[in-house]
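Order-wise, the sequence lines are chains A and B. Take the first sequence: its position 130, counted from the start at 1, is 129 in numbering that gives the first Met the number 0, and no numbers get skipped. Take the second sequence: its position 222, counted from the start at 1, is 221 in numbering that gives the first Met the number 0, and no numbers get skipped. Working notes, beginning with the structure itself.
Number of protein chains: 2
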Amino acid sequence: MELTARQKLILKAIVECYVETAEPVGSKTIAAMPGMDFSSATIRNEMAELTNLGLLEQPHTSAGRVPSPDGYRLYVDELMQQYRLSEDETHSLNEALDLKMKKVDRMLTDVGKLVSRMTDLPAYAVASRSRTVTVRRFELLMAETHCFILVVMLSTESVKNKLIKLPLELTEQDLKLLSAVLNASLTDLELTALTPELLAKVERSAGAAASLVPVVVDFVTAVLTEEQHSEVYLTGQTRLLGQPEYHDVAKAQQVLSTLDEDIISNLPAPTGDKPLQILVGPEEVAKELKDTSVVMTRFDIGDGMEGLIGVVGPTRMDYARVTARLSYFAESLGRMFGKGETLPVGPEPPRQLKPPSGETPHEDN
Amino acid sequence: MELTARQKLILKAIVECYVETAEPVGSKTIAAMPGMDFSSATIRNEMAELTNLGLLEQPHTSAGRVPSPDGYRLYVDELMQQYRLSEDETHSLNEALDLKMKKVDRMLTDVGKLVSRMTDLPAYAVASRSRTVTVRRFELLMAETHCFILVVMLSTESVKNKLIKLPLELTEQDLKLLSAVLNASLTDLELTALTPELLAKVERSAGAAASLVPVVVDFVTAVLTEEQHSEVYLTGQTRLLGQPEYHDVAKAQQVLSTLDEDIISNLPAPTGDKPLQILVGPEEVAKELKDTSVVMTRFDIGDGMEGLIGVVGPTRMDYARVTARLSYFAESLGRMFGKGETLPVGPEPPRQLKPPSGETPHEDN
DNA sequence: CTTAGCACTCAGAGATAACGAGTGCTAAGA
DNA sequence: TCTTAGCACTCGTTATCTCTGAGTGCTAAG
Chain A
0 MELTARQKLI LKAIVECYVE TAEPVGSKTI AAMPGMDFSS ATIRNEMAEL
50 TNLGLLEQPH TSAGRVPSPD GYRLYVDELM QQYRLSEDET HSLNEALDLK
100 MKKVDRMLTD VGKLVSRMTD LPAYAVASRS RTVTVRRFEL LMAETHCFIL
150 VVMLSTESVK NKLIKLPLEL TEQDLKLLSA VLNASLTDLE LTALTPELLA
200 KVERSAGAAA SLVPVVVDFV TAVLTEEQHS EVYLTGQTRL LGQPEYHDVA
250 KAQQVLSTLD EDIISNLPAP TGDKPLQILV GPEEVAKELK DTSVVMTRFD
300 IGDGMEGLIG VVGPTRMDYA RVTARLSYFA ESLGRMFGKG ETLPVGPEPP
350 RQLKPPSGET PHEDN
Chain B
0 MELTARQKLI LKAIVECYVE TAEPVGSKTI AAMPGMDFSS ATIRNEMAEL
50 TNLGLLEQPH TSAGRVPSPD GYRLYVDELM QQYRLSEDET HSLNEALDLK
100 MKKVDRMLTD VGKLVSRMTD LPAYAVASRS RTVTVRRFEL LMAETHCFIL
150 VVMLSTESVK NKLIKLPLEL TEQDLKLLSA VLNASLTDLE LTALTPELLA
200 KVERSAGAAA SLVPVVVDFV TAVLTEEQHS EVYLTGQTRL LGQPEYHDVA
250 KAQQVLSTLD EDIISNLPAP TGDKPLQILV GPEEVAKELK DTSVVMTRFD
300 IGDGMEGLIG VVGPTRMDYA RVTARLSYFA ESLGRMFGKG ETLPVGPEPP
350 RQLKPPSGET PHEDN
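Laid out in structure tokens, this is it:
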């Protein structure tokens with residue numbers, strides 16, 4: 000069944016009011032809001048109805064109403080208006096984005112910190128490969144005596160190397176042969192394709208350098224695993240303490256101690272078509288995390304990788320604003336790193352309850 | 000002036016009792032402890048005296064006493080008995096230490112996490128070079144057309160590389176020349192020795208590849224800087240919430256928000272002879288951090304690097320136990336990474352108040 | 001020098017009362 | 001039929017007060 004326009008309006012007002020104050024909102028408060036042309040009694044009746052529908056909750060009999068997870072869900076899916084970043088905001092975001100981008104992992108921690116700071120909530124960043132990684136080319140380089148450097152060029156344009164001590168006397172010729180064999184047999188293969196049979200074959204062709212094959216393969220395996228593997232960078236956990244719902248230390252501690260990298264890496268990633276995803280409440284995030292929601296978005300890092308940045312916060316968070324900032328971030332990062340194909344950003348345009356006016360939907364406080 | 004033996008005994012008892020309970024301790028509590036053969040009145044007198052000396056503090060008139068920072072200082076310097084790790088503890092420490100050690104930075108975060116978990120307090124880890132890093136050798140490696148790989152072997156045994164696109168047509172001969180020039184002029188030099196004059200000279204000798212010199216130098220500078228630079232890995236901040244002194248969220252938040260990598264990196268490192276250092280209270284740590292102390296210890300990572308692991312906690316922390324665990328850690332890590340030269344560990348043997356007996360000084364709770 | 005005794009202090013725990021925000025329901029009005 | 005003013009009722013919050021007891025400093029006797 001569908002809500003009436005008035006019920007939607009009231010639900011929206013309640014969510015936004017609660018987001019701001021973190022306190023149960025009463026019928027009078029809503030009635031007093033501009034644009035509300037009904038009496039508090041009418042609103043009370045509607046609120047009772049919304050409560051029956053499971054969209055609102057009542058902490059106790061004589062308190063105001065609080066949105067339920069379902070209520071939030073409806074809000075973010077249908078009612079939320081897109082928050083427009085102000086000049087100031089885009090400016091400071093741009094400024095912050097001007098980080099010296101080094102390696103991907105460093106970049107990710109920086110991005111995580113940044114997002115956390117901008118939203119004043121814990122944030123995380125992950126990079127994951129959208130394509131599999133393979134070795135594109137091997138090079139063996141004599142270093143000092145008894146040493147050579149194994150250089151491995153990957154399909155991701157990155158180059159890895161290792162200094163290997165020779166267990167036995169080998170000539171430059173032997174290394175040349177090994178190099179040729181490796182390049183002939185082990186390039187452009189996924190990790191799973193490195194079967195024992197294949198390796199045995201390679202070893203047989205490697206002549207005097209056969210004993211080096213396992214060493215090389217170990218390194219390759221390690222590198223490919225490492226490259227494939229994605230680590231979660233979680234920062235700013237303590238910002239949760241600023242939120243009123245965590246003013247009880249016991250609660251805060253409980254949440255903070257469960258909120259670790261493991262939890263994060265088990266969150267469902269946004270599916271294909273929509274880069275932005277909002278997980279509302281314990282059912283969608285993790286049941287240990289009461290009153291906690293997650294907003295995340297995908298972005299393009301280039302080189303066959305995609306990044307994921309997310310923000311963790313109380314279910315009562317300003318989804319509109321967080322979403323806007325996150326999307327802007329993702330878009331900018333995509334532009335900086337990606338191959339130009341910018342991802343679509345922002346939540347889908349909300350169905351407007353009133354004809355869109357020129358003013359910014361939200362006040363900044 | 001020197002304290003009497005009885006005063007020391009009482010101070011020690013007070014500190015240890017307070018460490019355990021986190022509540023001001025009264026004269027009766029002390030009098031009731033085994034080994035205390037004086038009445039509570041006597042102890043009251045002594046406590047008054049210790050208060051005069053600034054070693055104890057009284058939260059309010061009718062409360063028990065709490066050690067002052069000076070009191071702690073005296074305790075850790077003179078009174079603290081070495082905590083002996085139990086079988087169980089060494090066992091689980093050893094188990095935890097069996098981490099797959101990869102790169103130094105990964106290792107450090109792991110160590111930080113581990114220490115944090117073992118002490119149930121925030122912990123940090125830093126690596127810093129005790130020797131300066133230099134480039135030991137350059138290699139230039141033709142990759143695909145218009146591309147070559149710059150390989151740089153460092154004095155730390157690690158090897159860095161970069162894929163460089165050629166801005167112009169160059170023959171393998173040109174690269175050979177460049178390589179020779181680089182190896183002749185730019186090896187074994189500290190970062191500061193890379194003067195503009197030197198670089199100009201190199202450029203002149205580089206023939207056709209002159210335009211590549213700046214690219215190479217940029218990379219070298221970046222690598223050396225990166226290698227020299229030491230990052231602080233701070234983890235487990237939220238464990239502070241478990242401590243009773245931070246049961247007030249406002250306080251916790253204040254501490255947690257000041258406790259960042261900057262603060263940590265400004266802490267004084269342990270000086271030459273003693274690897275372990277204890278910083279007590281705000282004066283010694285940071286004035287923003289009320290009631291906070293730091294215990295840190297140095298360890299050897301090998302390859303001319305040394306590590307620093309530290310624990311941040313309330314001034315009322317179990318120094319004996321934290322110290323013991325940290326030292327054990329440092330020792331084990333030193334053994335795993337270091338060149339065999341184990342650092343001396345543990346606080347210097349305390350002057351015993353009573354002849355040392357066979358039993359474990361502390362009870363484990 | 002030690003210790004028993006005593007009067008005094010003061011934070012914290014409960015108990016009680018007053019407050020007020022918010023509700024549901026009813027009945028009158030549009 | 002929908003809206004709204006009015007009202008009794010609920011119940012968490014806050015303030016005030018008292019009471020309790022741990023702990024102190026001081027004094028005087030052992």
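Positions of the beta carbon are idealized from the N, C-alpha and C atoms, including for glycine.
With three or more CB-CB distances shorter than 8 Å, the segment 67-86 of chain A counts as touching the segment 314-332 of chain A. When the five nearest sequence neighbours on each side are left out, the beta carbons in the same chain lying within less than 6 Å of the beta carbon of A:E226 are those of V132, in order along the chain. Distance from the CA atom of B:D272 to the CA atom of B:A329, rounded to whole angstroms, is 15 Å. Annotation for A:F336: D299, I300 and G301 place their beta carbon closer than 7 Å to its own, counting only its chain and skipping 5 residues before and after.
In the DSSP assignment, the residues bridged to B:T296 are B:L275 and B:I308. Residue range V212 to Q227 is occupied by the alpha helix (DSSP H) that includes B:F218.
With the rule of 3 Cβ pairs closer than 8 Å, the segment 227-234 of chain A does not count as touching the segment 211-220 of chain B.
By a beta-carbon distance limit of 8 Å, B:V201 does not contact B:V214. Their separation comes to about 12 Å. The C-beta separation of A:L73 from A:L54 comes to about 6 Å, placing the pair in contact by the 8 Å criterion.
Chain A places a beta carbon closer than 8 Å to that of B:T237, counting this residue as a contact. The Cβ-Cβ distance between B:G312 and B:Y123 does not fall below 8 Å. DSSP places B:E138 inside the beta strand (DSSP E), whose first and last residues are V134 to M141.
Within the same chain, Cβ atoms closer than 8 Å to the Cβ of A:S184 are found at L197, K200, V201 and S204, the five residues on either side in sequence being excluded. Taking 8 Å as the CB threshold, A:Q252 lines the interface with chain B. Within the segment 98-129 of chain A, no residue has a Cβ lying closer than 7 Å to any Cβ of chain B. Taken through DSSP and simplified to helix, strand or coil, B:V150 comes out as strand. Pairing A:K159 with A:A268, the inter-Cα distance amounts to about 29 Å. Contact between A:P68 and A:T314 holds: their C-beta atoms lie close to 7 Å from each other, under 8 Å. For the pair A:E168 and A:F137, the Cα-to-Cα distance works out to about 21 Å. At a cut-off of 8 Å between C-beta atoms, B:A62 does not count as an interface residue with respect to chain A. For B:K161, same chain residues with a beta-carbon under 6 Å away, outside a window of 5 residues either side, are L149 and F218 in chain order.
Here A:G280 really is in contact with A:S292; their C-beta atoms are around 6 Å apart, less than 8 Å. In the three-state DSSP reduction, A:P121 falls in the coil class, being neither helix nor strand.
Residue pairing by DSSP places B:L233 opposite B:Y123 in a beta bridge.
Short of 7 Å from the beta carbon of B:E156, and not among the five residues preceding or following it, lie these beta carbons of its own chain, in chain order: D302.
The Cβ-Cβ distance between B:L120 and B:M304 does not fall below 8 Å. A:E22 has a beta carbon lying at 8 Å or more from every beta carbon in chain B.
Counted as a single uninterrupted DSSP element, the alpha helix (DSSP H) harbouring B:L197 occupies residues P195 to S204. Burial is judged here by how many other beta carbons sit within 10 angstroms of a residue's own beta carbon; B:A208 has at least 16 and is buried. Here DSSP, grouped into helix, strand and coil, assigns B:T314 to coil. At a beta-carbon threshold of 8 Å, the residues of chain A lying near B:M152 are A142, I148 and L162, ordered along the chain. Distance between B:S127 and A:E282, taken at the CA atoms: about 45 Å. The Cβ atoms of B:L52 and B:I9 do not sit closer than 8 Å to each other. With respect to A:Y318, A:I277 sits close: the two C-beta atoms are nearer than 8 Å. For A:V158, the residues of chain B that pass the 8 Å Cβ criterion are I148, N160, K161 and L162, in the order they occur in the chain. CA-to-CA, the gap between B:L288 and B:K250 works out to about 10 Å.
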